[in-house]
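Going down the list, the protein sequences come from chains E, R, Z, W, D, S, V, P, U and X.
Heads up, the first sequence is in full-length UniProt numbering, so the first residue is 1 and it goes up one at a time.
Heads up, the second sequence is in full-length UniProt numbering, so the first residue is 1 and it goes up one at a time.
Heads up, the third sequence is in full-length UniProt numbering, so the first residue is 1 and it goes up one at a time.
Heads up, the fourth sequence is in full-length UniProt numbering, so the first residue is 1 and it goes up one at a time.
Heads up, the fifth sequence is in full-length UniProt numbering, so the first residue is 1 and it goes up one at a time.
Heads up, the sixth sequence is in full-length UniProt numbering, so the first residue is 1 and it goes up one at a time.
Heads up, the seventh sequence is in full-length UniProt numbering, so the first residue is 1 and it goes up one at a time.
Heads up, the eighth sequence is in full-length UniProt numbering, so the first residue is 1 and it goes up one at a time.
Heads up, the ninth sequence is in full-length UniProt numbering, so the first residue is 1 and it goes up one at a time.
Heads up, the tenth sequence is in full-length UniProt numbering, so the first residue is 1 and it goes up one at a time.
Every residue, glycine too, gets a C-beta built ideally from N, C-alpha and C.
Let me begin by presenting the structure, written as structure tokens, before commenting on it.
There are 10 protein chains.
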Amino acid sequence: MAEFLVHIEIVWPPDAPVEQREEIFARELEQGQRLAHAGQLRRLWRVPGRWANWSLYEVADATELHTALTSLPLHPWMDIEVHALAEHPNDPRALGIEPTAPRPEEGVR
Amino acid sequence: MAEFLVHIEIVWPPDAPVEQREEIFARELEQGQRLAHAGQLRRLWRVPGRWANWSLYEVADATELHTALTSLPLHPWMDIEVHALAEHPNDPRALGIEPTAPRPEEGVR
Amino acid sequence: MAEFLVHIEIVWPPDAPVEQREEIFARELEQGQRLAHAGQLRRLWRVPGRWANWSLYEVADATELHTALTSLPLHPWMDIEVHALAEHPNDPRALGIEPTAPRPEEGVR
Amino acid sequence: MAEFLVHIEIVWPPDAPVEQREEIFARELEQGQRLAHAGQLRRLWRVPGRWANWSLYEVADATELHTALTSLPLHPWMDIEVHALAEHPNDPRALGIEPTAPRPEEGVR
Amino acid sequence: MAEFLVHIEIVWPPDAPVEQREEIFARELEQGQRLAHAGQLRRLWRVPGRWANWSLYEVADATELHTALTSLPLHPWMDIEVHALAEHPNDPRALGIEPTAPRPEEGVR
Amino acid sequence: MAEFLVHIEIVWPPDAPVEQREEIFARELEQGQRLAHAGQLRRLWRVPGRWANWSLYEVADATELHTALTSLPLHPWMDIEVHALAEHPNDPRALGIEPTAPRPEEGVR
Amino acid sequence: MAEFLVHIEIVWPPDAPVEQREEIFARELEQGQRLAHAGQLRRLWRVPGRWANWSLYEVADATELHTALTSLPLHPWMDIEVHALAEHPNDPRALGIEPTAPRPEEGVR
Amino acid sequence: MAEFLVHIEIVWPPDAPVEQREEIFARELEQGQRLAHAGQLRRLWRVPGRWANWSLYEVADATELHTALTSLPLHPWMDIEVHALAEHPNDPRALGIEPTAPRPEEGVR
Amino acid sequence: MAEFLVHIEIVWPPDAPVEQREEIFARELEQGQRLAHAGQLRRLWRVPGRWANWSLYEVADATELHTALTSLPLHPWMDIEVHALAEHPNDPRALGIEPTAPRPEEGVR
Amino acid sequence: MAEFLVHIEIVWPPDAPVEQREEIFARELEQGQRLAHAGQLRRLWRVPGRWANWSLYEVADATELHTALTSLPLHPWMDIEVHALAEHPNDPRALGIEPTAPRPEEGVR
């Protein structure tokens, strides 16, 4: 299995009817959850202020990733950049590191 | 707590003595593990082919992130870009989604 | 609380009806003032010559910032770039520095 | 008086002697405070992860700004970009808006 | 007074009716001359091959410049970049230098 | 005769001896004035915050311009971009427009 | 014969009728195979996540390449970048190198 | 197995001793051939005019690719960009297409 | 007389009627030949794969060039970049160098 | 034979000894003339203000071009970009068009 970092920018026409937008965004959320249940989509964040997001995928290879991304209902309106990732020997997950203390809400500087 | 995606490019002089490089890279790995144990550094990947990496940090805010990043021994040789992340309602982790089946080695296309 | 510097470019169709533009820009100004009264929008400047602006927000984190920015009526026509800011030990506000003399109108070179 | 947003990137040789760096950075902080007391430097933030900062200046014009910026001891090592700002009729400061309630630590989303 | 260098790119739809274009370009020329008579627009050049120009403005500050530029009838179709200028001690105009000889038509290489 | 807009960035090593810098900058100013007296260099402005400038040249053609620019003592340290300019029918100088009123110090917004 | 690396981005309107898209993409595939049979198109890969591809062409020269690329039915919707390639003395194909062992499915790290 | 397109730019100091350059370039060629025999490096082309090349790798994943690329003696002087490739259903190799006729030397336009 | 290198990108709507395109491209070719006969357009090449070209113009100055380029029927759909050229003392044409031997079809490497 | 447009930027250390520079530039000019006599280098222009040039090469293919460009003594200090050119049916040289009248010195606007 390989991980990929994916940046997606949504280019949606600002004057499209609201119902059309709500309908397609609802289907988008559903398909995103399907990819999550399948273990392909692992994390998802918003880019603040934009119709854009960063996500982390775990798939066999770039071909499976392409299939997953083009299954998204909003794909025709998406500008997608894929970053292939190689394993790092110091990756906390690979090292099995769990934080030694619960993180306080405010953080320690 | 807030997550940040961090892209680090290392600009190390190619003709520096090997021992100097090995010494500083060893200290770099140690400090990375310290940040992992503190729960600040959560994931770490290599950019294939480059002295560069992507990492995922979980910290109180940008000020704590700055402190963490400047604690790295290689920091003076790093070119760092920070991407602030906002929570996405469909983030698998937030939804508590666990993949429903163990991922096969080869993937399903 | 965290500060963010925000750059907003408005991509409004030049041949849209004047009334539509005036109506939405009026609502934009209102919502901007609401964010100011809520203490989220702290400063606002125009980029000379453009339908664009720089603003300074003070919010809990990037997620609250995203909510504030997407509440703007013109948001679908905006191209937004967010710059996360870390505290600087020499920030005049943090140091409690008040200018020692009223600034003359013409400045001293 | 006119406000300018200033982005400064410091290009300091990573292998310069520590004492030289500490000496010049100390002088830099002093001169920064002098500009703050003179009412020219109004705000200062770090760009997280970098030897870089954003600042807000209030000066008579671009010529006075140039004099202020070139007075910084680190100026020869700085890459500076200046953004001229025009007044915005909805600027909270110009409207005299004070937040109506103390901002809670956690923010309201 | 402050000088600004202004680069304007006109993004006019190529298939708009010719009369509409001629009408608005005529009004543009008129308003340009009005700004020239007011002493705000000092020089104006075409970028060869493009619907674009460079101009030199002399105004009180960026706010007055914004008002001047948004008064242009073609402003909604313009992509404008403003370059703030600081005085240079060697500026021929500031030094009162007049060329010592009439320039020949062919130049001397 | 043809006008050219010229943008010059000076890439001077920050740790070069002060005397060397003062000596060459002095020669630079002298040669700049010589070009001004010859009618080639017409205007000169600083880019605020940078060792950079914008200038306006009036020469026979690009070949004469190249000769003028390479005559500058700092030329080996310069990064120069030349913008060819075409005459604009609405150029205030070509139209012989003189501002109708002395510009007030503060400007009229 | 000369090889060229070709990057093609397809800019297809996302709201065009499905039948139109299917019809033209079908013709695109056919023409691609025709170019392959003619020995001009040698390899073809997808850019993961995008309506984009990389391809390897082997043609007499850039003029023949232009003819091949403009024969594609989707050409008017394509943004194409051509990279001319020179022969490398260490190219495995030129050296007649065949991998010495069948590649295992999982690879050896 | 997965294919990757790799762009390598070599940043070699122009004034380094010729022997040093010849020695390292010789080792580079050797290691390149080793990767070719291992079936990882499949094709290699020069970018005309530059110390740069395009190559095609076939490896298990980005982690194996990273290992291969960092095994190159010139790696510390390389600026590498990796393009992940997904399979295309119309790839001539996947379709088993062999050109139907030997390509003439001059090509048919 | 001065030479200019001109890069033209044609942004033609892909779904415009074929007849309209043929009609305007025919007029474009005619006007191009007129400029060639007038000695202004000296060379013309296609950018392989694109509706774009490079051309070499020989005109009095940038103002004459602007007139020539805006006379092209496709000008409103063109994105044009002009590169001013200065004479080079080693230009084969200036040196009157004629190749000493007919170039063979295949070249000598 | 194929034509290529070549852009060369020379990155020469500004503080290198003058004799070294004069010696290598002299050899550069010689080799340039050799390429001209061989019919490979057809035209050569300076980029005004820069140690940079545009040139037109006519060679068998990109491989021969690479050999020609790397034969230049200054090649290790050059940043070269090659633009492959395809034949244009309206190229004045291909059409055998000779200007119908001697070009006047001043041009006709």
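Asked	Found
Under 8 Å: do the region 32 to 41 of chain W and the region 83 to 93 of chain W share three or more Cβ pairs, one atom per stretch?	no
Kindly indicate the opening and closing residues of the alpha helix (DSSP H) around arginine 21 of chain Z.	18 to 37
How many Å lie between residue 152 of chain Z and isoleucine 8 of chain Z at the Cα?	Lying before the first or after the last residue shown, residue 152 of chain Z is absent from chain Z, which here runs from 1 to 109.
Looking only at C-alpha atoms, which of S/Ile97, S/Leu41 and S/Glu98 sits nearest to glutamate 98 of chain D?	S/Leu41
Report yes if the C-beta distance between alanine 84 of chain W and alanine 84 of chain D is below 8 Å; otherwise report no.	yes
Answer with buried or exposed for glutamate 3 of chain X, where buried requires no fewer than 16 other C-beta atoms within 10 angstroms of its C-beta.	buried
Beta-carbon within less than 7 Å of alanine 38 of chain U's beta-carbon, same chain only, minus the 5 sequence neighbours each way: which residues are those?	none
If you follow the beta strand (DSSP E) that alanine 84 of chain D is part of, which residue opens it and which one closes it?	78 to 84
Do glutamate 28 of chain V and leucine 69 of chain V have their CB atoms nearer than 8 Å?	no
Mind listing the chain W neighbours of arginine 27 of chain Z? Cutoff is C-beta to C-beta under 7 Å, in chain order.	None at all; the shortest Cβ gap to chain W is about 12 Å.
Can you give me the C-alpha to C-alpha distance between proline 104 of chain P and glutamate 64 of chain V, rounded to a whole angstrom?	Any reading at proline 104 of chain P must be qualified, since the residue scores a pLDDT of 49, below 50, and its modelled position is unreliable; no value is offered.
Using DSSP with H/G/I as helix, E/B as strand and the rest coil, what is histidine 75 of chain V?	helix
I want to see whether chain D comes within less than 8 Å of valine 6 of chain U, judged by CB atoms only; does it?	yes
Taking Cβ positions only, does glutamine 33 of chain X come closer than 8 Å to chain U?	yes
If the cut-off is 8 Å on Cβ atoms, which residues from the region 42 to 71 of chain V count as contacting chain X, listed in chain order?	Asp61, Ala62, Thr63, Leu65 and His66
I need the boundaries of the alpha helix (DSSP H) containing glutamate 64 of chain U, first residue and last residue.	62 to 70
For arginine 43 of chain D, I'd like the list of residues in its chain whose CB is within less than 6 Å of its CB, leaving aside the five on either flank, ordered along the chain.	Leu56
Let's see if you can read the secondary structure: which residues bound the alpha helix (DSSP H) around arginine 93 of chain R?	92 to 95
Just the chain X side, please: which residues come within less than 7 Å of tyrosine 18 of chain V by C-beta, in chain order?	Reading off the sequence shown, one finds valine at residue 18 of chain V, where the question assumed tyrosine. Ordered by position in chain X, no residue passes the 7 Å Cβ test against valine 18 of chain V, which lies about 35 Å from the chain.
Rounded to the nearest angstrom, what separates valine 108 of chain U and methionine 78 of chain E at their Cα positions?	Since pLDDT at valine 108 of chain U reaches only 37, below the 50 mark, its modelled position is unreliable, and the value read off the structure follows with that caveat. One C-alpha to the other measures close to 48 Å.
Is it true that the CB of arginine 21 of chain S sits closer than 8 Å to the CB of histidine 88 of chain D?	no
Which residue from D/Glu19, D/Ala52, D/Glu81 and D/Pro48 puts its Cα closest to that of valine 11 of chain D?	D/Ala52
Assign alanine 60 of chain R to buried or exposed, taking buried as 16 or more other Cβ atoms, counted over all protein chains shown, within 10 Å of its Cβ.	buried
If you run the structure through DSSP and keep just helix, strand and coil, what is tryptophan 51 of chain E?	coil
Apart from the five residues on each side of it in sequence, which residues of its chain come closer than 6 Å, Cβ to Cβ, to glutamate 58 of chain S?	Met1, Glu3 and Arg42
So, for leucine 74 of chain E: in the same chain, excluding its five sequence neighbours on each side, which residues have a beta-carbon less than 8 Å away from its beta-carbon?	Ile10, Trp12, Ile24, Phe25 and Glu28
Report buried or exposed for proline 48 of chain X, applying the criterion of at least 16 other Cβ atoms within 10 angstroms of its Cβ.	buried
Look up tryptophan 12 of chain D in the DSSP assignment and say whether it is helix, strand or coil.	coil
Quick check on DSSP: helix, strand or coil for proline 104 of chain P?	Reliability of the predicted coordinates at proline 104 of chain P is poor, the pLDDT of 49 falling under 50, and no value is obtained from them.
Pop quiz: proline 14 of chain E and proline 14 of chain Z are said to be a contact at Cβ under 8 Å. What is the actual Cβ separation, rounded to whole angstroms?	Proline 14 of chain E to proline 14 of chain Z, Cβ: 14 Å. No contact.
What does the Cβ neighbour count give for valine 18 of chain U, buried or exposed, with the cut at 16 atoms within 10 Å?	exposed
Are the C-beta of proline 76 of chain D and some C-beta of chain Z separated by less than 8 Å?	yes
For alanine 16 of chain Z, count neighbouring Cβ atoms within 10 angstroms of its own Cβ and tell me buried if that reaches 16, exposed if not.	exposed
Quick check on glutamate 98 of chain E: does DSSP put it in helix, strand or coil?	coil
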